[in-house]
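Protein chains in written order, with the working numbering: chain G, 59 to 241; chain H, 193 to 606.
Note that the Cβ used here is the ideal one computed from N, Cα and C, for glycine as well.
No experiment lies behind these values; they were computed from the predicted model shown.
What follows is a short report on a single structure.
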């Protein structure tokens, strides 16, 4: 088995594009580097592991197709996340997923003891309750592992906008949890 | 009272391990006197812990990679590996090898030819080992795998190999990729709608692999090699990335360097209706085998483990005192090596091969097996065939017996 773990992303894309016996080891390495990030993001967006699996499979198949067609990819991570994001948006549109509005979010009783699982569940609800434009870049950063520049590339937004949105998203999550610790 | 946003930034920087000593001291001074800042710090820390737990606990669905590769091959976007071609031939060769070994072993038993039997069994094992080696090396020569930046091997003349071996453009000062112009459509639309320069070199149908002249292919690969397609990666190898390119959040929640594609531990129970052959030349007897195995995957396709087996089939043994007795069961322990590539022969079905060696108080056992398995989440179900050679002492001499068995497996991975 070829050891391609030290190859850079451009090397791997060249090997995939070559369509010879280097292609699968190279593709396997790309999968190893990015599959979990993509899956985690898709699972969080769709709320379904099965849907996330289907989406990530489609992401890699489209990726392979484009690479074989000679697509120039500046950043593999951003390129994969762009496809992932679009497929997740398609899935949400098709399945008419609705997210909770912030005012629907149940309040955590301040006086009670809160175990980790309860806080985690509430944080998940809070994350879903964030406005889409805040939640998406935050999830790309946290779950997708993308840099600010890569998020810009994946979403088509400017760097200051992404910085602002991620900062606001974190602040909103903190504001929701602060009452737990303000006793 | 510090401005709220300043304190929030300090908290983020501290949790990112990016705060200076002065900033950390400032933060702790404020926290010592301001309960609201302490609460915010705890909340920020809790959020990170929960995100990290989400990442840590995520496991990729089983067989997802195999399904993608299978679909990609069907669509023609990944070439059919030589390993798959080899698999068909080798599997049939392996099967015939096992069949031949069983046949010759049986003949040897009935002919009471110990030497011939051992030779047959040995040749079968060697043949299986060779088959395994063939299947584990479906790809090109090892020298193709070269870390980035390695110098090109002068002896190598293969153009496609040179593409990976040639000095990478990390010696070229390439700036990080600029943020795209936001007046343009999104990156995906741009990339999907506009043909790239590289598409004029390599077509989707496989370029040089499908009949393009060798020299043309060499020129294409050489040309493409000089095109840096991921400026960010190259830039990272040269110097510190610009601050805007840093993902401080992600770095503190770094994914593990190696992402497990499947869980590493397997507990497996097997049962096998078997037919045992006695060296005395008597009639074959039927029986059953029950086994429990535990194994650990140490590489993508390779695992080692231990097993406890219980075989039930009648067998006559003459002990040192000359008295004859029939034993009905034998319990033996083993260690095994298992090879299970993710090659999908039929969708969902993947092959496996296993060699177990062990023994009991009665003698030594060597048992190769092969078959197919199907995974359902963490559960695996498999079927296969196994051959067991058993060397034991009877009538003051070493004897060999064998048994063939069908093998049904039920495993759990975690």
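Could you tell me how far apart the beta carbons of residue i and residue j are, in whole angstroms, since I believe they sit closer than 8 Å?
i             : j             : result
residue 75/G  : residue 125/G : 6 Å
residue 595/H : residue 580/H : 5 Å
residue 242/H : residue 181/G : 5 Å
residue 524/H : residue 494/H : Their Cβ separation, rounded to whole angstroms, is 23 Å, which puts residue 524/H and residue 494/H out of contact at 8 Å.
residue 578/H : residue 599/H : 5 Å
residue 601/H : residue 565/H : 7 Å
residue 593/H : residue 504/H : That pair is no contact at about 14 Å.
residue 219/H : residue 210/H : So it is not a contact: roughly 12 Å between Cβ atoms.
residue 104/G : residue 65/G  : Wrong, their Cβ atoms sit about 32 Å apart, outside the cutoff.
residue 70/G  : residue 88/G  : 5 Å
residue 263/H : residue 119/G : 6 Å
residue 177/G : residue 195/G : At roughly 23 Å, the Cβ-Cβ gap does not stay under 8 Å, so residue 177/G and residue 195/G are not in contact.
Let me know if residue i comes out buried or exposed under the rule of 16 or more other beta-carbons within 10 Å of its beta-carbon.
i             : result
residue 518/H : exposed
residue 190/G : exposed
residue 78/G  : buried
residue 252/H : buried
residue 84/G  : buried
residue 218/G : exposed
residue 97/G  : buried
residue 147/G : exposed
residue 151/G : exposed
residue 115/G : buried
residue 199/G : buried
residue 588/H : exposed
residue 446/H : At residue 446/H, the pLDDT of 36 sits below 50, so the modelled position is not reliable and the matter cannot be decided from this model.
residue 513/H : exposed
What is the rounded straight-line gap between the Cα of residue i and the Cα of residue j?
i             : j             : result
residue 132/G : residue 223/G : 24 Å
residue 570/H : residue 254/H : 7 Å
residue 238/G : residue 192/G : 23 Å
residue 207/G : residue 498/H : 49 Å
residue 583/H : residue 550/H : 11 Å
residue 572/H : residue 603/H : 5 Å
residue 568/H : residue 545/H : 19 Å
residue 110/G : residue 200/H : 34 Å
residue 265/H : residue 271/H : 6 Å
residue 231/G : residue 239/H : 8 Å
residue 229/G : residue 267/H : 46 Å
residue 68/G  : residue 227/G : 33 Å
residue 204/H : residue 236/H : 8 Å
residue 220/G : residue 258/H : 36 Å
residue 530/H : residue 547/H : 7 Å
residue 684/H : residue 509/H : Since the displayed chain H opens at 193 and closes at 606, residue 684/H lies outside it and no answer follows.
residue 122/G : residue 464/H : 42 Å
residue 208/H : residue 232/H : 15 Å
residue 225/G : residue 145/G : 26 Å
residue 63/G  : residue 136/G : 19 Å
residue 260/H : residue 82/G  : 11 Å
residue 487/H : residue 106/G : 31 Å
residue 533/H : residue 229/H : 54 Å
residue 92/G  : residue 563/H : 31 Å
residue 482/H : residue 80/G  : 42 Å
residue 365/H : residue 485/H : Because the pLDDT at residue 365/H is just 34, under 50, the model does not fix this residue reliably, and the value given afterwards should be weighed accordingly. Going by the C-alpha atoms only, they are around 55 Å apart.
residue 477/H : residue 466/H : 8 Å
residue 606/H : residue 113/G : 24 Å
Can you pull the DSSP bridge partners for residue i?
i             : result
residue 499/H : 485/H, 526/H
residue 601/H : 462/H, 574/H
residue 128/G : In the DSSP output, where bridge partners are listed per residue, residue 128/G has none listed.
residue 89/G  : Note: residue 89/G sits in no beta bridge, so no partner.
residue 80/G  : In the DSSP output, where bridge partners are listed per residue, residue 80/G has none listed.
residue 504/H : 480/H, 521/H
residue 584/H : 555/H, 591/H
residue 550/H : 526/H, 557/H
residue 566/H : 541/H, 573/H
residue 467/H : 478/H, 596/H
residue 531/H : 494/H, 545/H
residue 457/H : 488/H
residue 220/G : Answer is none; residue 220/G lacks a bridge partner.
residue 516/H : 510/H
Kindly examine the ligand MN and report whether one of its heavy atoms sits closer than 8 Å to the Cβ of residue i.
i             : result
residue 510/H : Ligands are entirely absent from the displayed structure, and the ligand MN is therefore not among its contents.
Quick one: list the residues of chain C neighbouring residue i, beta-carbon separation under 7 Å, in chain order.
i             : result
residue 200/H : In the structure shown, chain C does not exist; the protein chains are G and H.
* Asked: Along the region 248–277 of chain H, what residues have a CB closer than 8 Å to any CB found in chain G?
  -> 250, 252, 253, 256, 257, 259, 260, 261, 263, 264, 267, 269, 270, 271, 273, 274
* To do: Taking only beta carbons into account, state which residues of the region 93–114 of chain G come closer than 9 Å to chain H, listed in chain order.
  => 93, 94, 95, 97, 98, 101, 102, 107, 108, 110, 111, 114
* To do: Select from the region 552–575 of chain H all residues with a C-beta closer than 7 Å to any C-beta belonging to chain G, and list them in chain order.
  => Correct list: empty, as no residue qualifies.
* Asked: When Cβ atoms are compared, which residues of the region 218–231 of chain G fall closer than 9 Å to chain H?
  -> 219, 221, 224, 225, 228, 229, 231
* **Under 9 Å (Cβ pairs) to chain H, residues found in the region 62–83 of chain G** => 62, 63, 64, 65, 66, 67, 68, 69, 71, 72, 73, 74, 75, 76, 77, 78, 79, 80, 81, 82, 83
* Members of the region 228–240 of chain H near chain G, C-beta cut-off 8 Å -> 228, 230, 231, 232, 234, 235, 236, 238, 239
* Asked: Of the residues that make up the region 189–201 of chain G, which ones have a beta carbon closer than 8 Å to any beta carbon in chain H?
  -> 199, 200, 201
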